[in-house]
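*Asks:* Protein chains in written order, with our numbering: chain A, 15 to 125; chain B, 215 to 331. Beta carbons: idealized from backbone N, C-alpha and C, even for Gly. All of these numbers come straight from a predicted model, not from anything done at the bench.
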Amino acid sequence: LAKTTQPISMDSYEGQEVNITCSHNNIATNDYITWYQQFPSQGPRFIIQGYKTKVTNEGASLFIPADRKSSTLSLPRVSLSDTAVYYCLVGSSGSARQLTFGSGTQLTVLP
Amino acid sequence: GAVVSQHPSRVICKSGTSVKIECRSLDFQATTMFWYRQFPKKSLMLMATSNEGSKATYEQGVEKDKFLINHASLTLSTLTVTSAHPEDSSFYICSARLPSGAGDTQYFGPGTRLTVL
Numbered sequence: 015l016a017k018t019t020q021p022i023s024m025d026s027y028e029g030q031e032v033n034i035t036c037s038h039n040n041i042a043t044n045d046y047i048t049w050y051q052q053f054p055s056q057g058p059r060f061i062i063q064g065y066k067t068k069v070t071n072e073g074a075s076l077f078i079p080a081d082r083k084s085s086t087l088s089l090p091r092v093s094l095s096d097t098a099v100y101y102c103l104v105g106s107s108g109s110a111r112q113l114t115f116g117s118g119t120q121l122t123v124l125p
Numbered sequence: 215g216a217v218v219s220q221h222p223s224r225v226i227c228k229s230g231t232s233v234k235i236e237c238r239s240l241d242f243q244a245t246t247m248f249w250y251r252q253f254p255k256k257s258l259m260l261m262a263t264s265n266e267g268s269k270a271t272y273e274q275g276v277e278k279d280k281f282l283i284n285h286a287s288l289t290l291s292t293l294t295v296t297s298a299h300p301e302d303s304s305f306y307i308c309s310a311r312l313p314s315g316a317g318d319t320q321y322f323g324p325g326t327r328l329t330v331l
């Protein structure tokens, strides 16, 4: 089961680009990398998922190097409403095990 | 798409009573659903994996007789906290695995805040 390591917290200012890196050294060949966002007292919200290289959707990009041992979630021009906990998870639908949440990264966007 | 609902969103009960929480996938069928609990300022802890038509798989340390899980249809899983006690007070979150694609994508419900007095 791939374990993930993220910074516990990050601070940023409105309008800046934020990059949150996650390490997953023992990622398996079939594993995908998925990022979730969670606000207090709410369930996690799916942000983005990728397998390799770069994935972009509305509001976020995911960069994955060739060795796939890490990934970086990029949030362009953050706003106060992006203040949340961000979780990086790895896994695959074919795996007998399920996603395990690490500690996540508390992102605080300051005015 | 991929919407998961939970009901109730908040429940307060007396010690010793049982509480049932429903988790529904509204626009897709989910053969696998998951139940998590989350304490304040902590990460989500997986309690059990709910499989449609079969028994749930519980994580180590989770009492299966206390946290009863039923997954009777492809869109509904229920978690019943039996004989609840104050230490069971927590935020319970369910998720449903999207069946398409190779990535393990789970969509989460909004959570249920349980307070046991």
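#1: Of the residues that make up the region 222-252 of chain B, which ones have a beta carbon closer than 7 Å to any beta carbon in chain A?
#2: To the nearest angstrom, how far is it from the Cα of A:Ala-110 to the Cα of B:Thr-246?
#3: Three or more C-beta pairs closer than 8 Å, one from the region 220-230 of chain B and one from the region 30-43 of chain A: is that the case here?
#4: What residue does the beta strand (DSSP E) around B:Phe-281 start on, and which one ends it?
#5: Kindly indicate which three-state DSSP category B:Leu-331 falls into: helix, strand or coil?
#6: Specify, as a first and last residue, the run of the beta strand (DSSP E) that A:Tyr-100 falls within.
#7: Using a Cβ-Cβ cut-off of 9 Å, state whether B:Leu-260 counts as contacting chain A.
#8: Residues bridged to B:Met-259 by DSSP?
#9: Got a sec, what are the start and stop residues for the beta strand (DSSP E) A:Asp-25 sits in?
#10: Since B:Pro-222 contacts B:Thr-326 with CB under 8 Å, what's their CB separation in whole angstroms?
#11: Span of the beta strand (DSSP E) holding B:Val-225?
#12: Is any beta-carbon of chain B found at less than 9 Å from that of A:Ile-61?
#13: Candidates A:Val-69, A:Ala-42, A:Gln-30: which alpha carbon is nearest A:Trp-49's?
#14: Is A:Leu-94 helix, strand or coil when you go by DSSP?
*Replies:* Quick look at the numbers:
#1: Phe-248
#2: In this prediction, A:Ala-110 scores a pLDDT of 49, lower than 50, which makes its location untrustworthy; no coordinate-derived value is stated.
#3: no
#4: 281-287
#5: coil
#6: 98-105
#7: yes
#8: B:Arg-251
#9: 23-27
#10: 6 Å
#11: 224-227
#12: no
#13: A:Val-69
#14: helix
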